[in-house]
Each structure stands twice: as structure tokens, then as C-alpha cells.
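Going by my numbering, the sequence shown opens with residue 62, and the numbers climb by one from there.
C-beta: ideal position from N, C-alpha, C; glycine also.
The structure appears right after this line, and notes come after that.
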Amino acid sequence: MSILKNINCPADLKRMSPDQFPALAREIREQIIDTVSAVGGHLASNLGVVELTIALHYLLDTPTDKIVWDTSNQCYAHKLLTGRRERFHTLRQYGGLSGFCKREESEYDTFNAGHAGTGVSAAFGMVEARDQMGLKHKIVCVVGDGAMTAGMTLEGLHHAGGMGKDFVVILNDNQMSISKNVGAISAYLNRTITGEFYGKVRQETGHLLGKIPHIGSDIQRLARRAEELAKGAILPGLLFEELGFQYSGPIDGHNFDHLLPTLENVLKMKGPVLLHVVTKKGLGYEPAMKNPVWFHACPPFVRETGAAAKKAVRPSYTAIAIEALIKQARQDKRIVAITAAMCEGTGLTAFEKEFPDRLYDVGIAEQHAVTFAAGLAAQGMRPVVAIYATFLQRAYDQVVHDVATQNLPVAFLIDRGGLVAEDGTTHHGAFDYAYLRHVPNMIVMAPKDENELQHMVKTALQHDGPISVRYPRGISLGVKMDALPTALPIGKGELLKEGTEVAIIAIGVTVWQAYRAAERLSREGISTAVVNARFVKPLDHELILEVAKRVRYIVTVEEGCRMGGFGSAVLELLSDARVTGVTTKIIGLPDWYIEQGPQDLLRERYGLTAEGIYQSVKELVSGVAAATNQFRETLSANYPSYGDEQGS
Ligand SMILES: Cc1ncc(C[n+]2csc(CCOP(=O)(O)OP(=O)(O)O)c2C)c(N)n1
């Protein structure tokens, strides 16, 4: 008999006896493994928080009490317990449940997330809102040990700890970010869990005292007793205690006998409290426990074996970019690579294999990553920051203030530019062209295919200033690769196809789509040129103005937001050059957050496929022709002399 099927909201959970919770946890795990094997998702993190989620919803009065899930990639059990069980199979699908918390989706989702490290700040905002409004509910933030290393989390703890308000932070410590967690905080947490910190103190004191004749062993006994007392109370959570939080833990996050009474106590405590819960990523699914890194965010897989359901037929853009980087790094010792906790995702594991001493994983710390790169560059190194477009958003000021003002040679390999599919709204790389092109000194490139990508990586590493290459998520096109990467001339595009009526000026992955659209248009009698811009900045003024002279319509295409992006840059150029007599259109992403869904489907929906571009051009050409005629007719009817004036 299914227990889960009878839970439609947390109130149903409260009617259960805690004895049933282990069986419920097993069912939830089964459901998560089943669904994620079919649709992909954050398997390992979710399997790790099942007991914690049950305990929280059992003890809290949600949604009046609030749970804020940091990053919220671990919210699947929460979704299953809060009325979304029947829609769970739609997880991460177009029109389905989000893989993250979404306020639009449920009143139990208190704060939208997807980027790590926002939880404590958001939850503490809710604490202050509660107190300002004279309300009494509880607010709990669950934050992973990876997200604990994010600067924002520390800023939030620093603020909240100083204010002394009732606020519970649960540190969900599985000792993993996506890969093994890194850095001093992670090492500190590790010592806390293993007791190594305490053990070391005891060993050293014992060793010293043992050396004093006669009194040694008595004092050792006394000292051991004092340490025993101190063990639970002071040492393990010193860092958090110093930040103003009462520390409790570490406790086993899979054992309800520990979890329920401790959590119950913690929820009654006054002031800021941090409960340290130790969990295991992937618990309940052998392949995920063995390989939590792959199962952190996995594609659909075969449940029985844990193997990916589909094998990639060609290398990804990511792999090509990093391969090109490795080639350059072999020749230039100044090249070092930096990742903010995304060694696998950015492909830098391959770089690390060859150059272990030249790879820096700084943890979830994008701001630090960029300024750290600036520091390296200021001393003559050639740092490369490999980062997703969406996560570079967090380091905007560091790009502007630390890299670009000083014209430092930091190369940005911007992965996942454009639409990223199932991770959806928080993860699409929609804004990078727009947020980089207006930064003085910054060069902004995007290749039309993987061959151009390798040339652009080389270009980036030879350029003496800030420069970025942006490429998409996914498998490359399979074009022929030149044997050797060669640097491209900065600010030079290429004319891929001549045409006299329309010019499509495209950038990045949209170029070949534009080309196919142009071929079809030309076949149908609308002579269409195609420019591969290559550079969003600096634009190839000469080429674009030359082409603009010959055509009546200019259409720009980009897989990025329309506002302030590549198309805007072309319009600025046309305006500055006082080009008249051309009608323009920008194809790109609209002024709203793009939903989740397969890349192909989203590209179709936003008119970025060959078909979409073709339709847009057709509409523009026929629409403008129709509108112009109508305008002329109206004018002629109202002002009979209009036609004459035109002629004179
Ligand atoms: C700002 C930001 N950088 C990088 C990521 C990519 N990312 C997603 S989850 C994750 C690891 C999170 O680790 P942790 O907080 O310990 O949570 P867990 O998944 O282990 O529960 C990373 C690096 C992100 N979501 N946001």
C-alpha cells in the first residue's frame, strides 16, 4: 500500500506516525529515481534530502511557516509532499513542473532560485518582513555546504547573525558541491563532521600533559572530561557561533530518531540558529552514490544500470573549447584556468588532468573568480575564466570594475550562451551579449560553429585585453575542423552569401540557420545576403555598412535578449552612419523570462530556426510593402498633392 499516494499536502503528513517515515522516504526515493531516469535532473542532491524534507514538513506549519531552499535544485521531495505528486512526471518538461522552486507554481515555494547562495539573504528578508509585520511564523533556510561557500551566503549570515532575530539555517552538508567541495570552509566543515578538529586538540593536549611526570595522567583525565563537555558545546560550530548563530550538530540527516527531536528543539530556540545536518548524496540509488558528480544533474538514464540513455554522437561545444584551450596552454605557461565550482560542466576536468597546478576551482564564488583572474592578469598571467553565461551575471561589477577598467587580459569562455533547455528560466544565457557589449575595452565574440570556436579561443588567448567567446550548450554541428586554430582579426565578420534585397546579419549559433533561411528566400526570388558577424563588439562596420548600402531590409538574429544586444548594436551603427532607406528587424529573445523546454522547441517558439527566420523575413518584406502602400494610399487620399511632392 502506497503511503505517498495519500499525501496531498503537509497536513496529511502530520496525521502519520513517524514510524512510517522510513517507508515513506523509500517511496519518495523510488518516485524521484523513476522520474529523473526518464526526464533527467538533479538526482543525487534530491536523494540526499528526503528525510530532512519529511521532517521539516512534519514539524513546521507550512505554508504559514516558510522553507527557503537555497539554489532549490534539491526541492523534489518538497514538491512531492506539497500537492504536486500527480504532476511530478512533468518535471522539467515544457509546460511542466519546474526543477526548481517557483512561487508561480505553489504557495509552498517561498522564493524562486536556481543560482546558489541566495537562500540566507532571501530567508532573512522574510524574517525581517515577519517581524516588521508583527507576525510569529517560523522561517527556515536549507543551504548546502557548496552554497555555504558562496560570498552571498556569508554576507547573509553576517547580517542575520548581527541582528539576533529568530531564524533557523539548516546546513545540509553532503561534502559535495557538484564535485568535491573545495576551500577552507569546506575543510572546516569536514573537520567538524569527522571530529578531527576535536580529536587533534585532544591528541595534542594529551601528548603534552603526558610528558609531565606523576601528575600527567590525572590531568589527562581531567582534561579529557573538560574536552568532552566542550565537544558538543563549543568547538564544532565555532565559525557559526562567532557569526552570531547558535550551532547545533552535526547530526545524521537520514536518521529520523536524530532528526526529529533535534529539529524540534532547534525550531523552539530563540535567535539565529544553525543546525548542521550531514547527508549523503545519491542515497538509495547505488549508481548515484558511486558517482554523485555525474548524477548531480544528469540526463535521462537507464534505471537498471545508471548509464546515460543516449550516447553523444559528436563532441560538445564545451569539449571543443577546452581542447583548444589546452592546445594553447601547452605553448604558453602563463595560461591558467579558473572555474567557480563548475569543473565538469565547463569541461575543465580535461584541463586539470593535464595541468593540475594551473586549474583553480574557487567554489561557488563567481565574483571572486573574476577579480582573482584580474589579479593574475595584473601580474602578467593569462587567466581564462570558464563560466556559464547565467552565472557570469553575478560577477558583472567585477568584469566592469576589476577587469575592464584596467584593460586586463582576462579571457572569458562563456559556456551555455543562449537557450539551455530544461533548467529553464534561471539558467538560460539570455543576457550576456547585452551585459558585456557596453563594457568599454571588452571584446565580445560568438562562433557560428565549432571550427570557428577553436579559432576564437586562440584569438582570445592572444588578445591583450578583456575578451569573451560565447558558445551554446549542446553537441557541436559536425563541421570539418581545421588542423590548427588560428587567431581571427578582431572586429572582422564574414560575408557568407551575397544578396541585394535583404541582408541577414547573424551571430553565433543562429548563423547557419540564417544561411538556410537565406537560401530558401533567394530561391523564391528574395535575394538575401548573410553576414556572419563573429563580433558583437567591435562590429565590423565596414562590412555591415557595405552590405546595408545594397539592400532594402536588414534583419539581425541572435540567441540572446533583443534589448541592448547584438541587434541593438547593428541599429546603433546604422543610426550613427545615417543609413537611410532600409527597414530593420531584430530577431532575438523577448522581454520576458524564457520558460523551460527542449532547446529545439524553444528555438522554434522564438523564431530562431531557419523556418522562423524565413517567416520573419517574409513578413517583413511583404508586411512593409503592404504597410508602405497603405500609407501612400492614405496620404494620397488626404493630400492629393502627395504623389506630386514625392516626384519633385
Ligand atoms: C551562482 C551559481 N553558481 C553555480 C551554480 C551551479 N551549481 C548548481 S548546484 C551546485 C552545487 C551546490 O552544492 P550544495 O550547495 O552543496 O548543494 P547540493 O546540491 O550538494 O545539495 C552548483 C555549483 C549555481 N547554481 N549557481
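Can the beta-carbon of residue 597 be found less than 8 Å from the beta-carbon of residue 422? A distance of 8 Å or more separates the beta carbons of residue 597 and residue 422.
Just the C-alpha distance for residue 344 and residue 544, rounded to the nearest angstrom, thanks. Using only the alpha carbons, I get a separation of about 46 Å.
Run of the beta strand (DSSP E) containing residue 79, from where it starts to where it stops: Neither: residue 79 is in no beta strand (DSSP E) and is coded neither H nor E.
Given a cut-off of 8 Å, decide if residue 566 and residue 605 are closer than it, judged by their beta-carbon atoms. The Cβ atoms of residue 605 and residue 566 lie closer than 8 Å to each other.
Cross-strand partners of residue 130 (DSSP beta bridge): In DSSP, residue 130 forms a bridge with 203.
I need the DSSP call for residue 351, collapsed to helix, strand or coil. Shown here, residue 351 sits in a helix according to DSSP, grouped into three states.
So the alpha helix (DSSP H) residue 491 belongs to, where does it begin and stop? In the DSSP annotation of this structure, residue 491 is not part of any alpha helix (DSSP H), being labelled neither H nor E.
Residues that DSSP places opposite residue 338 in a beta bridge: The partner list for residue 338 (beta bridge, DSSP) reads 233, 312.
Classify residue 710: buried if its beta carbon has 16 or more other beta carbons within 10 angstroms, exposed otherwise. In the structure displayed, the chain extends from 62 to 709; residue 710 sits before or after that span and is not available.
Neighbourhood of residue 539 by C-beta, 6 Å cutoff - its chain only, sequence neighbours within 5 removed: In its chain, beyond the 5 residues on either side, 375 have a beta carbon closer than 6 Å to the beta carbon of residue 539.
Identified DSSP bridge partners for residue 421: According to DSSP, residue pairing for residue 421 in a beta bridge involves 399.
Through-space distance from residue 114 to residue 139, alpha-carbon basis: Their Cα atoms are separated by approximately 6 Å.
Looking at residue 178 and ligand 1, is the gap between the Cβ and the nearest heavy atom below 7 Å? Flag set: Cβ of residue 178 near ligand 1.
Give the secondary structure of residue 476 by DSSP, where H, G and I count as helix, E and B as strand, and everything else as coil. Residue 476: strand per DSSP, three-state reduction.
Going by other Cβ atoms of all chains shown within 10 Å of its Cβ, with 16 needed for buried, is residue 453 buried or exposed? Classification for residue 453: buried.
For residue 70 versus residue 129, is the C-beta distance shorter than 8 Å? Going by C-beta atoms, residue 70 is not nearer than 8 Å to residue 129.
Neighbour-count burial assignment, residue 602, 16 or more Cβ in a 10 Å radius: Exposed.
Exposed or buried, what is residue 599 when buried is set at 16 or more other beta-carbons lying within 10 Å of its beta-carbon? The residue in question, residue 599, is exposed, as its Cβ has fewer than 16 Cβ neighbours within 10 Å.
Just verifying my parser: in three-state terms, what is the DSSP assignment at residue 596? Correct three-state label for residue 596: strand.
Going by beta carbon distance, what residues of the same chain come within less than 7 Å of residue 483, once the five residues before and after it are set aside? Within the same chain, and ignoring the five residues on either side of residue 483 in sequence, the residues whose Cβ sits closer than 7 Å to its Cβ are 101, 153, 160, 657.
What is the DSSP secondary structure of residue 506, reduced to helix, strand or coil? Three-state DSSP puts residue 506 in a strand.
Below 8 Å CB to CB, which residues in the same chain sit around residue 522 once its five sequence neighbours on both sides are set aside? Here the set comprises 386, 389, 393, 396, 443, 445, 472.
Please give me, in chain order, every unbroken run of the beta strand (DSSP E) with length at least 3 that falls completely inside the segment 155-229. Inside the segment 155-229, DSSP marks whole beta strand (DSSP E) runs of 3 or more residues at positions 200-205, from first to last along the chain.
Assign residue 672 to one of three DSSP states: helix, strand, or coil. Helix.
Please report the straight-line C-alpha distance between residue 211 and residue 672, rounded to a whole angstrom. Spanning the two alpha carbons is a distance of roughly 43 Å.
State yes or no: is the C-beta of residue 142 within less than 8 Å of the C-beta of residue 176? No. Outside cutoff.
Report the option in 488, 564, 475 whose CA atom is closest to the CA atom of residue 530. Nearest option by C-alpha distance: 475.
For the segment 410-468, list the beta strand (DSSP E) runs that are entirely contained and at least 3 residues long, ordered along the chain. Whole beta strand (DSSP E) segments, 3+ residues: 420-422, 443-449.
Would the beta-carbon of residue 237 fall within 8 Å of that of residue 351? No. Outside cutoff.
For residue 339, the nearest candidate out of 185, 73, 250, 373 (CA to CA): Checking every option, the nearest Cα to that of residue 339 belongs to 250.
Pick from 414, 429, 428, 469 that is closest to residue 441, judged by C-alpha positions: Closest in alpha carbon position to residue 441, among 414, 429, 428, 469, is 469.
For ligand 1, is there any heavy atom lying closer than 7 Å to the beta carbon of residue 48? Nothing about residue 48 can be read from this structure; the chain reaches only from 62 to 709.
CB-CB length for residue 401 against residue 430, believed under 8 Å: Correct: roughly 4 Å between the Cβ atoms.
Would you call the CB atoms of residue 563 and residue 616 closer than 8 Å? Contact flag set, yes.
Out of 424, 416, 549, 458, state which residue places its alpha-carbon closest to the alpha-carbon of residue 435. Of 424, 416, 549, 458, the residue nearest in Cα terms is 458.
So, are the CB atoms of residue 310 and residue 328 less than 8 Å apart? No, they are not a contact pair.
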